[in-house]
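Enquirer:
There are 2 protein chains.
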Amino acid sequence: MDEADRDEAAQPAADDQIRDQVRAAARAARDAAAELALLPRGAKDAVLHAMADALVARAPEVLAANELDIARAEENGTPAGLIDRLRLTAERVEGIADGLRTVAGLPDPIGEVVRGSVLANGLQLQQVRVPLGVVGIVYEGRPNVTVDAAGLTLKAGNAVLLRGSSSAERSNTALVAVLGDVLAERGLPTAAIQLLPSHDRASVRHLITARGLVDVVIPRGGAGLISAVVEQATVPAIETGVGNCHVYVDARADVDSALRILLNSKARRPSVCNAAETLLVHQDIAAEFLPRAVAELRAAGVTVHGDPEVVRLGGAGVVAAEEQDWDLEYGSLDIAAAVVESLSAATEHIRAHGSGHTEAIVTDDVRAARSFTARVDSAAVMVNASTAFTDGGEFGMGAEIGISTQKLHARGPMGLPELTSTKWLVFGEGHVRPAG
Amino acid sequence: MDEADRDEAAQPAADDQIRDQVRAAARAARDAAAELALLPRGAKDAVLHAMADALVARAPEVLAANELDIARAEENGTPAGLIDRLRLTAERVEGIADGLRTVAGLPDPIGEVVRGSVLANGLQLQQVRVPLGVVGIVYEGRPNVTVDAAGLTLKAGNAVLLRGSSSAERSNTALVAVLGDVLAERGLPTAAIQLLPSHDRASVRHLITARGLVDVVIPRGGAGLISAVVEQATVPAIETGVGNCHVYVDARADVDSALRILLNSKARRPSVCNAAETLLVHQDIAAEFLPRAVAELRAAGVTVHGDPEVVRLGGAGVVAAEEQDWDLEYGSLDIAAAVVESLSAATEHIRAHGSGHTEAIVTDDVRAARSFTARVDSAAVMVNASTAFTDGGEFGMGAEIGISTQKLHARGPMGLPELTSTKWLVFGEGHVRPAG
Chain F
46 MDEADRDEAA QPAADDQIRD QVRAAARAAR DAAAELALLP RGAKDAVLHA MADALVARAP
106 EVLAANELDI ARAEENGTPA GLIDRLRLTA ERVEGIADGL RTVAGLPDPI GEVVRGSVLA
166 NGLQLQQVRV PLGVVGIVYE GRPNVTVDAA GLTLKAGNAV LLRGSSSAER SNTALVAVLG
226 DVLAERGLPT AAIQLLPSHD RASVRHLITA RGLVDVVIPR GGAGLISAVV EQATVPAIET
286 GVGNCHVYVD ARADVDSALR ILLNSKARRP SVCNAAETLL VHQDIAAEFL PRAVAELRAA
346 GVTVHGDPEV VRLGGAGVVA AEEQDWDLEY GSLDIAAAVV ESLSAATEHI RAHGSGHTEA
406 IVTDDVRAAR SFTARVDSAA VMVNASTAFT DGGEFGMGAE IGISTQKLHA RGPMGLPELT
466 STKWLVFGEG HVRPAG
Chain W
46 MDEADRDEAA QPAADDQIRD QVRAAARAAR DAAAELALLP RGAKDAVLHA MADALVARAP
106 EVLAANELDI ARAEENGTPA GLIDRLRLTA ERVEGIADGL RTVAGLPDPI GEVVRGSVLA
166 NGLQLQQVRV PLGVVGIVYE GRPNVTVDAA GLTLKAGNAV LLRGSSSAER SNTALVAVLG
226 DVLAERGLPT AAIQLLPSHD RASVRHLITA RGLVDVVIPR GGAGLISAVV EQATVPAIET
286 GVGNCHVYVD ARADVDSALR ILLNSKARRP SVCNAAETLL VHQDIAAEFL PRAVAELRAA
346 GVTVHGDPEV VRLGGAGVVA AEEQDWDLEY GSLDIAAAVV ESLSAATEHI RAHGSGHTEA
406 IVTDDVRAAR SFTARVDSAA VMVNASTAFT DGGEFGMGAE IGISTQKLHA RGPMGLPELT
466 STKWLVFGEG HVRPAG
């Protein structure tokens, strides 16, 4: 959570007031959700296009608000990287608007018949997709998440409670004002998209404990934020985006292919959750593979933290790994590396240290591929492909609200269907159930 | 939770020990789950049949253990109804064994390809069903749940941690011993099916907070148990089985059909969660319907708690409803009843008071049916059919582990597919993701 959120202790007396505010927002969101659930696709897509147009038309006021956030961040000595995440430009606002248009173009999941049958007694059974209801999103600095999340949840017929960072408060307020005006113009409830107070951490606590009012909470951010939300929530929560991803180079790997996949998995964008953090190399290929791998990783600016065998084969540039390295999500140009004696030693290592996000095997051996995909229990398992492909856009989902690393409800990239529930419709002709 | 569980305060010093015991069991279950995940269907079905045979063959020792539980329950003055739930007979053991054979006959959900496609870049994408891993079940008196839950979780490739009632401790221990011996005979890990200590409520607390070791907890029992588990769990939990179900008789209902459905929904088995607890009648049909409905309900032994209009039309036998009646799950031969002025007043009443389990409309009007099914957001919505049909067996699932009344992961009766997760398999030929 951002620095600016840490002023809770300064105003404990306001806790009841914040709770009342959050719960009132959630109640209004419930009423709005009941309306949204009945909107046909055409109406939702028209709203999304209108929101995109309004954002572009009103970009000047959004950018003016953003400048106030930027100025305050600069005054507070916020690092340049965080300020860049916070900054909006006319171009970025265009990109955000295009995101809404993309969502408008995606199929509507609501009403889809997932399963259906006619029972022996003639009852007709249909399992159909319905909205979740009220979705809470807890996130950090980037203001684009405000609009992305609002667009996706709206398309899936849900109301959304947005709890962003206080550092982006003015930007988020301006963005939600634009979206809310479009809802109001079309006679739709503005409570469908609400921004919660961000100056006090109590608002997170009250959001994630509003059981019965909020249907799901999705934290988006660093491991600390996600863990805090999941531990404290009484509302169902979906864990997202922590990735200690592995690349395993099998005995029978094509070395050139393995190098390409390793470099792409590690260095393409080291800060994202699908980046590789650990390299495992089969002992039979280690002597051939590791010297080249270490050289190419170093050329790409990556520090290799190796076990003794990697240190021996990789040369002077390898740093000795410590026990904790196997469990780290570096998020930086660092990688842990170990030599393993077999494929099952690799899958055991992954089971002991992995976060269940994405693991890749590079191999030409069909039996090794089959064994790896069966044994590795992660959201995504790649065979001869980069870990960087674990992404809603790459998977053809059109957009994603996050990447789930838990096993319940949704696993891997979450698109529109993952923002829905189902209900059973049963059609009879006066059917009653026999005794017994 | 049962009376005998309430001795926690007597031995607080044992808390650490119980935590260690639960966590050790969970770790062993994780290892067992990794083995179970790889078992092909044939092996799992053979184990289930062998378990069924062993239960029948060893029924005498199970029944002897059960007699000790019964004797203790009688000494403690346990009500006859609870003793009946606890009691096993040779016939009931046969029934439990047949349940395992039914599960063996169900399709194996594991490995099912849920979605799949080839992406524009040639990557092959498959979403396949995998086991959840380690499933915790917290339940009350009935010893049959021990075997039913073990069979279903095993078939779906999961390990199970069973936390039953202390009142059934000897029965459950005997049952799990039989199942464990069959696992051992076949070289499978006995940690796949484990009974947790039941004499201390701390074991529930440590089970539902073993995040990272247990993948899901499913409470089965009364509203108090379910609420306590869901509120305190840091492991994902699935809410089951609380039902304040409604029957709405529309203006254009067939009265005979409505009476049959109402009586079946209320009186077939009043203690189960799919029994109707509230009757809503459209004002245009109230004068015709209510006198007959009240008479038939009373003839079936049902007490009607009516609003003033129901009291007026239903005659002297109707008790005046109090505000709380609209929110009760009686679980008994009682029903709340109100006259509503419109279909939307009925759906508003359901939204305000329902538990999201099952609601039924009786109508000959296709527009009313369409409106009701769209507006009512419950796990199951019946049109001209009894609420009693919400059941895994009736829905053709073969067996159920419970009925989910929440919206995440599973909603309505949960069969084998609901005891699984998925993972994405991605097959490439050295694919790397372009920059950008």
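Residue numbers (the numbering used here), protein chains in the order written: chain F, 46 to 481; chain W, 46 to 481. Beta carbons: idealized from backbone N, C-alpha and C, even for Gly.
Quick one: which chain F residues come within Cβ less than 7 Å of W/H454?
Expert: Within 7 Å Cβ-Cβ: L453, H454.
Enquirer: By alpha-carbon positions, which one of F/I448, F/V190, F/V223, F/L170 ends up nearest to W/F440?
Expert: Checked all of F/I448, F/V190, F/V223, F/L170; the closest Cα to W/F440 is F/L170.
Enquirer: Could you check whether the Cβ of F/L177 sits closer than 8 Å to any Cβ belonging to chain W?
Expert: So, interface residue.
Enquirer: Is it buried or exposed, W/R478, if we count other Cβ atoms within 10 angstroms and call 16 or more buried?
Expert: W/R478 is buried by the Cβ-count criterion.
Enquirer: For W/G475, which residues does DSSP report across the bridge?
Expert: Answer by DSSP bridge pairing: none, since W/G475 is not bridged.
Enquirer: Does chain W have any CB closer than 8 Å to the CB of F/A49?
Expert: In this prediction, F/A49 scores a pLDDT of 41, lower than 50, which makes its location untrustworthy; the coordinate-derived value is nonetheless stated afterwards. For F/A49, the answer is no, since every Cβ of chain W falls outside 8 Å of its Cβ.
Enquirer: Strictly below 7 Å CB to CB, what residues from chain W border F/D260?
Expert: By Cβ distance, chain W contributes K452.
Enquirer: Using a Cβ-Cβ cut-off of 8 Å, state whether F/S400 counts as contacting chain W.
Expert: Not one chain W Cβ lies under 8 Å of F/S400.
Enquirer: Straight-line CA distance for F/E354 to F/A365?
Expert: For F/E354 and F/A365, the distance between alpha carbons rounds to 10 Å.
Enquirer: Show which residues of chain W have a CB atom less than 8 Å away from the CB atom of F/T279.
Expert: Chain W residues near F/T279: V275, E276.
Enquirer: Once the 5 residues before and after F/D379 are set aside, which same chain residues still bring their CB inside 6 Å of it?
Expert: Closer than 6 Å at the Cβ level, and outside the excluded window around F/D379, lie T348.
Enquirer: Which class does F/E463 belong to by DSSP, given the choice of helix, strand or coil?
Expert: Reduced to three states, the DSSP call for F/E463 is helix.
Enquirer: Nearer than 7 Å: is that true of the beta carbon of F/V364 relative to any heavy atom of the ligand COA?
Expert: Ligands are entirely absent from the displayed structure, and the ligand COA is therefore not among its contents.
Enquirer: Considering only their Cβ atoms, is the gap separating F/P264 from F/V274 smaller than 8 Å?
Expert: In contact: F/V274 and F/P264 (Cβ atoms closer than 8 Å).
Enquirer: Starting from F/H251, trace the alpha helix (DSSP H) in both directions and tell me its first and last residue.
Expert: Counting along the chain, the alpha helix (DSSP H) containing F/H251 begins and ends at 247-253.
Enquirer: For the pair the stretch 309-326 of chain W and the stretch 422-442 of chain W, tell me if three or more CB-CB distances fall below 8 Å.
Expert: As far as the Cβ criterion goes, the stretch 309-326 of chain W touches the stretch 422-442 of chain W, which means the pair count is three or higher.
Enquirer: Return helix, strand or coil for F/D299, following the three-state DSSP convention.
Expert: Coil.
Enquirer: Does the Cβ of F/Q62 have 16 or more other Cβ atoms within 10 Å, making it buried, or fewer, making it exposed?
Expert: By the neighbour-count rule (16 or more Cβ atoms within 10 Å), F/Q62 is not buried but exposed.
Enquirer: Using 8 Å as the threshold, is the C-beta distance between W/V384 and W/V426 below it?
Expert: No, they are not a contact pair.
Enquirer: Thinking W/V227 and W/M96 are a contact (beta carbons under 8 Å), I'd like their distance in whole angstroms, please.
Expert: The Cβ separation is near 5 Å, so the contact holds.
Enquirer: Under 8 Å by Cβ, that's how I've got W/V192 and W/L151 pegged, so tell me the actual separation to the nearest angstrom.
Expert: Not quite, the Cβ-Cβ distance comes to about 16 Å (not below 8 Å), so this is no contact.
Enquirer: Short check: CB of F/N121 to CB of F/P188, under 8 Å?
Expert: No. Outside cutoff.
Enquirer: Taking just the CA atoms, how far does W/E230 sit from F/R567?
Expert: No statement about residue 567 of chain F is possible, as the shown extent of chain F runs from 46 to 481 and does not include it.
Enquirer: Using a Cβ-Cβ distance cut-off of 8 Å, determine whether F/D129 contacts chain W.
Expert: Judged by the 8 Å Cβ criterion, F/D129 is not in contact with chain W.
Enquirer: For chain F, find out if any of its Cβ atoms is closer than 8 Å to the Cβ of W/G437; answer yes or no.
Expert: Closer than 8 Å: no.
Enquirer: Measuring straight from C-alpha to C-alpha, what distance separates F/E393 and F/G457?
Expert: The straight-line gap from Cα to Cα measures roughly 21 Å.
Enquirer: How is the beta strand (DSSP E) around W/P176 delimited, first residue to last?
Expert: Run containing W/P176: 169-176, per the beta strand (DSSP E) assignment.
Enquirer: For W/I395, name the three-state secondary structure that DSSP assigns.
Expert: Three-state DSSP puts W/I395 in a helix.
Enquirer: Which residues, in order along the stretch 460-479 of chain W, keep a beta-carbon less than 8 Å from a beta-carbon of chain F?
Expert: Correct list: S466, T467, K468, W469, L470, V471, F472, G473, E474, G475, H476, V477, R478.
Enquirer: Relative to chain W, which residues along the stretch 409-428 of chain F have a C-beta separation below 9 Å, given in chain order?
Expert: If the cut-off is 9 Å between Cβ atoms, the stretch 409-428 of chain F has A414, T418, A419, R420, V421, D422, S423, A424, A425, V426, M427, V428 near chain W.
Enquirer: For the alpha helix (DSSP H) that contains W/E106, what are its first and last residues?
Expert: Per DSSP, W/E106 belongs to the alpha helix (DSSP H) from 104-120.
Enquirer: Looking at the unbroken beta strand (DSSP E) that takes in F/P264, where does it start and where does it end?
Expert: Run containing F/P264: 261-265, per the beta strand (DSSP E) assignment.
Enquirer: Counting only Cβ-Cβ distances shorter than 8 Å, please list the residues of the stretch 324-358 of chain W near chain F, keeping chain order.
Expert: So nothing in the stretch comes that close.
Enquirer: With a threshold of 7 Å on Cβ separation, who are the neighbours of W/G202 within its own chain once the five nearest residues in sequence on each side are excluded?
Expert: Correct list, in chain order: L81, A82, L84, I155, P176.
Enquirer: Out of curiosity, what's the CA-to-CA distance linking F/V407 and F/E333?
Expert: For F/V407 and F/E333, the distance between alpha carbons rounds to 15 Å.
Enquirer: Measuring only between beta-carbons, confirm whether W/I306 sits less than 8 Å from chain F.
Expert: Judged by the 8 Å Cβ criterion, W/I306 is in contact with chain F.
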